[in-house]
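Protein chains in written order, with the numbering used here: chain A, 650 to 970; chain B, 3 to 368.
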């Protein structure tokens, strides 16, 4: 298990290097930078712009800038945000935490509901429950997150039960610690539910078809033949084998989860990485864009790493490869 | 003498049908009711998109400055005729009340705003409308914040949404098949390099990669350039996934005897890949392509919604939904969500069709 873990960790390094190089190259291709917007401001002299350009190293070729950036990134400094006039690292950590919270709870809710529903649908194949789950899956797979998020906003606005966007109330700082926590949770509920709803359908369908596949296997027939109770057959024999492929799905679904979070954050004004990326995008703040994309990738890569570990832990065949 | 005359029952020939794999596929597909529903919905949507100028009562840029946020006009039957009532604005608000006595019949094949059939033939004939469009407009789905007819804009927008998926899969799958096929067939360092590159692309969360690519281009572009840029970006992000699967299939297909036979007949590598190897991946490609069309539709919607895709005053489902972002608008004028419903129906239809195709291709469950 340890060699497996180590191998996977070593595997992460070229990916992170490649991603940062790729985003940096793309940003270098971008027409104009933050200073071009600044230079159109008549109150700032061209000499000052030139000075800033030197200071931030924007006059150097992109690969020099990249090596410079990489050296700093390794010490935890992701560069300077032109738009926010502060270190990008500090900005990103707060946003990264928000995105993590949103994705984590959404995953928890989606899997917590999808797995039992999928099992139920598979065990009662072709029953009303199964058909209903099938219908929910189709609707859930087809409803765009944009629409779902807009509907949630509409709901919040019409009922006033939930705050309309944001991660905390304006008077957050004046609240007691306990009330602060509740306030944050209150803001978290709707975005989490929207994200979870869009994840749920795919997992449920996968769980159902996995379990149906294993229920067809010969060892299930032999378990039944030796007179085990149906519950024992399903939950002890079939289910354990049906879970494995689901762990692979877990790894794959993380990319979709982060893209989903991107949409939800931007519509529901949740201050996460996706929203920061868009803000940085419109401000032409290259450093911040590169940093957010690299951090989002890191989040995904770590998620995949955890999924791999889970898979290796549950299936010895994989760690012996 | 005919033996059948003596014993007609015993000698009736047993009907043995020899069906080719594609015939079997069509037979299985016809049994999928849900796929048929999806196909019918899509056929209707595509016809309406092709004839958008004709079916839409107005041009997508036409603004009615008297009627911002007009609610959908309810058509009624009066004296056996379909009529549209006259709406009066309630003083001091964007609310409109229908009149019970003042109405005009809906007419078919009326003259109205100019447009071009399929972008070529100029015309001003519209499927329906009224004789007096100034006082009796037909806004089936209401109007937006500029007083533009949402139904008409929806139809014009569907031209973008419905075509972007087809062009997108054509691009990404032809690219993915060629690259994946070559990687799997040749193996070696090129295979290694391609797989590492695709791994890299797939380890960046989709929308972040799309935004990074989008940022490398100027923010303002002409409509056509923007459309092409969106398709190219979305396909570029997507080709890796299909290339990896095709590569896996190519790895096993290249060991089959017919590939060996083709090679020993002296066919070139490219010919073996295109003529013999890739056709064996078609059943996967058809299903995967159908199921990935929604990705392109949603991709355009998200980009336009976030103001980095199709721009006003052009009509696209994403840019139309952008107007619905204001929660105050949403509760007062819920018809602004109509494009969202249109996206849902389209994506659902593609999922129905794709699912049916998958079951028809899959012989495991037969």
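By construction, the Cβ of each residue, glycine as well, lies at the ideal position given by its N, Cα and C atoms.
Model, not experiment: these values are computed from the prediction.
When you compare the CB of residue i with every CB in chain A, is at least one pair closer than 9 Å?
{"i": "residue 327 of chain B", "result": "yes"}
{"i": "residue 233 of chain B", "result": "no"}
{"i": "residue 216 of chain B", "result": "yes"}
{"i": "residue 35 of chain B", "result": "no"}
{"i": "residue 249 of chain B", "result": "no"}
{"i": "residue 228 of chain B", "result": "no"}
{"i": "residue 353 of chain B", "result": "yes"}
{"i": "residue 336 of chain B", "result": "yes"}
{"i": "residue 143 of chain B", "result": "no"}
{"i": "residue 240 of chain B", "result": "no"}
{"i": "residue 156 of chain B", "result": "no"}
{"i": "residue 1 of chain B", "result": "What the structure shows of chain B is the stretch from 3 to 368, and residue 1 of chain B is not part of that stretch, so it cannot be assessed."}
{"i": "residue 105 of chain B", "result": "no"}
{"i": "residue 368 of chain B", "result": "The predicted model places residue 368 of chain B with a pLDDT of 45, which falls under 50 and marks its position as unreliable; any figure quoted below should be read in that light. Taking Cβ atoms only, chain A never reaches closer than 9 Å to residue 368 of chain B, which makes this a no."}
{"i": "residue 139 of chain B", "result": "no"}
{"i": "residue 320 of chain B", "result": "yes"}
{"i": "residue 74 of chain B", "result": "no"}
{"i": "residue 198 of chain B", "result": "yes"}
{"i": "residue 100 of chain B", "result": "no"}
Looking at chain B, is there any beta carbon in it that lies within less than 9 Å of the beta carbon of residue i?
{"i": "residue 908 of chain A", "result": "yes"}
{"i": "residue 911 of chain A", "result": "yes"}
{"i": "residue 904 of chain A", "result": "yes"}
{"i": "residue 893 of chain A", "result": "no"}
{"i": "residue 953 of chain A", "result": "yes"}
Return helix, strand or coil for residue i, following the three-state DSSP convention.
{"i": "residue 368 of chain B", "result": "Confidence at residue 368 of chain B is low in this model, with a pLDDT of 45, below 50, so the placement of that residue should be treated as unreliable; the coordinate-derived value is given next. Coil."}
{"i": "residue 303 of chain B", "result": "helix"}
{"i": "residue 775 of chain A", "result": "coil"}
{"i": "residue 4 of chain B", "result": "Because residue 4 of chain B sits at a pLDDT of 48, beneath the cut-off of 50, its placement in the model cannot be relied upon, and the point is left open."}
{"i": "residue 656 of chain A", "result": "helix"}
{"i": "residue 49 of chain B", "result": "helix"}
{"i": "residue 145 of chain B", "result": "strand"}
{"i": "residue 233 of chain B", "result": "helix"}
{"i": "residue 875 of chain A", "result": "coil"}
{"i": "residue 161 of chain B", "result": "helix"}
{"i": "residue 679 of chain A", "result": "coil"}
{"i": "residue 720 of chain A", "result": "helix"}
{"i": "residue 126 of chain B", "result": "strand"}
{"i": "residue 260 of chain B", "result": "helix"}
{"i": "residue 702 of chain A", "result": "helix"}
{"i": "residue 131 of chain B", "result": "strand"}
Listing by chain order, which chain A residues have their CB less than 7 Å from the CB of residue i?
{"i": "residue 206 of chain B", "result": "668, 942, 946"}
{"i": "residue 213 of chain B", "result": "926, 930"}
Output, in chain order, the set of chain A residues within a Cβ distance shorter than 8 Å of residue i.
{"i": "residue 201 of chain B", "result": "664"}
{"i": "residue 330 of chain B", "result": "806"}
{"i": "residue 323 of chain B", "result": "795, 796, 799"}
{"i": "residue 308 of chain B", "result": "915, 927"}
Mind listing the chain B neighbours of residue i? Cutoff is C-beta to C-beta under 8 Å, in chain order.
{"i": "residue 793 of chain A", "result": "300, 303, 342, 345, 346, 349"}
{"i": "residue 896 of chain A", "result": "In chain order: nothing, as chain B lies at least about 18 Å away."}
{"i": "residue 938 of chain A", "result": "213, 214, 217"}
Cβ closer than 9 Å: which chain B residues qualify as neighbours of residue i?
{"i": "residue 859 of chain A", "result": "Under the 9 Å cutoff, chain B gives no residues; its nearest Cβ is about 14 Å from residue 859 of chain A."}
{"i": "residue 958 of chain A", "result": "Those do not exist, as residue 958 of chain A stays about 17 Å from chain B at its closest Cβ, beyond 9 Å."}
{"i": "residue 787 of chain A", "result": "36, 350, 353, 354, 357"}
{"i": "residue 676 of chain A", "result": "214, 217, 218"}
{"i": "residue 671 of chain A", "result": "202, 203, 206, 211, 214"}
{"i": "residue 950 of chain A", "result": "205"}
Determine the chain A residues that contact residue i at a beta-carbon separation under 9 Å, and present them in chain order.
{"i": "residue 60 of chain B", "result": "Result: empty, since nearest Cβ-Cβ is about 25 Å, beyond 9 Å."}
Using a C-beta to C-beta distance shorter than 7 Å, which residues of chain B count as neighbours of residue i?
{"i": "residue 802 of chain A", "result": "329, 332"}
{"i": "residue 679 of chain A", "result": "217, 218"}
{"i": "residue 784 of chain A", "result": "Those within 7 Å of residue 784 of chain A in chain B number zero; the least Cβ separation is about 11 Å."}
{"i": "residue 790 of chain A", "result": "353"}
{"i": "residue 813 of chain A", "result": "329"}
| query | Does the stretch 811 to 822 of chain A come within contact of the stretch 926 to 938 of chain A, defined as at least 3 CB pairs closer than 8 Å? | reply | no
Q.
With three or more C-beta pairs closer than 8 Å as the rule, is the stretch 46 to 64 of chain B touching the stretch 114 to 130 of chain B?
A. yes
*Please determine if the stretch 764 to 771 of chain A and the stretch 941 to 949 of chain A are in contact, where contact requires at least 3 C-beta pairs separated by less than 8 Å.*
no
In the stretch 919 to 955 of chain A, which residue ranges form an unbroken alpha helix (DSSP H) of at least 4 residues, counting only runs that do not cross its ends?
922 to 931
- request: Decide if the stretch 128 to 142 of chain B is in contact with the stretch 57 to 71 of chain B; the criterion is three or more beta carbon pairs, one per stretch, under 8 Å apart.
  value: yes
*Given 8 Å as the limit, is there contact between the stretch 892 to 907 of chain A and the stretch 195 to 210 of chain B, that is, 3 or more CB pairs closer than that?*
yes
Report the residue ranges of all alpha helix (DSSP H) runs contained in full by the stretch 793 to 834 of chain A; include only those spanning at least 4 residues, in chain order. 794 to 808
> Curious, which full-length alpha helix (DSSP H) runs of at least 4 residues does the stretch 284 to 330 of chain B contain?
Replying inline: 284 to 307, 319 to 324
Please give me, in chain order, every unbroken run of the beta strand (DSSP E) with length at least 3 that falls completely inside the stretch 83 to 117 of chain B. 83 to 92, 97 to 107
| said: For the structure I just gave you, are there three or more beta carbon pairs, one from the stretch 324 to 334 of chain B and one from the stretch 767 to 785 of chain A, closer than 8 Å? | reply: no
Worksheet item: Between the stretch 171 to 188 of chain B and the stretch 356 to 366 of chain B, do three or more beta carbon pairs fall short of 8 Å?
Response: no
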